[in-house]
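Peer 1: I am attaching a structure below and will ask some questions about it afterwards.
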Amino acid sequence: VGPIYKMKLLLKQVGGGKLNFYGKLRKGDELQDLFEVFAAMVDSLKDRQRREVDELEAAIGAAKSSGASDDAIEKITHVRDEMKAALDL
């Protein structure tokens, strides 16, 4: 697969919310530098999203402890689950 085509597929994947991807460009491919910057950006997004998932876990625990409604807890849980799915957790 050509480097432009592969980058296009990866951009669509990340744009669709999927933050885990596999594969690299072949050594010497034209867009190697772009791919490395892209991969670093995605790693940064994953780290941020993992921290946010942890914060949501804490918020769910606090909401349960405070007697929040099941509906409110379910909404937070749904957001957390969507974020975890993007990370394949």
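Everything in the sequence shown is counted per our numbering, starting at 3 for the first residue and increasing by one.
Cβ coordinates follow ideal geometry from the N, Cα and C atoms, glycine included.
In this structure, how does DSSP classify G25 when only helix, strand and coil are distinguished?
Peer 2: G25: coil per DSSP, three-state reduction.
Peer 1: Give the DSSP-derived three-state secondary structure of K20 in the structure shown.
Peer 2: Coil at K20, not helix or strand.
Peer 1: Is it a yes or a no for the stretch 63-72 touching the stretch 35-55, going by three-plus beta-carbon pairs under 8 Å?
Peer 2: Counting Cβ pairs under 8 Å, fewer than three are found: no touch.
Peer 1: State the DSSP-derived secondary structure class of E32, mapped to helix, strand or coil.
Peer 2: DSSP places E32 in coil when its eight states are reduced to three.
Peer 1: Is the Cβ-Cβ distance between L21 and A88 less than 9 Å?
Peer 2: Cβ distance < 9 Å, so L21 and A88 count as in contact.
Peer 1: Kindly indicate the opening and closing residues of the alpha helix (DSSP H) around D90.
Peer 2: It is not in any alpha helix (DSSP H) - D90 carries neither H nor E in the DSSP assignment.
Peer 1: In whole angstroms, give me the CA-to-CA distance for V55 and K10.
Peer 2: Spanning the two alpha carbons is a distance of roughly 28 Å.
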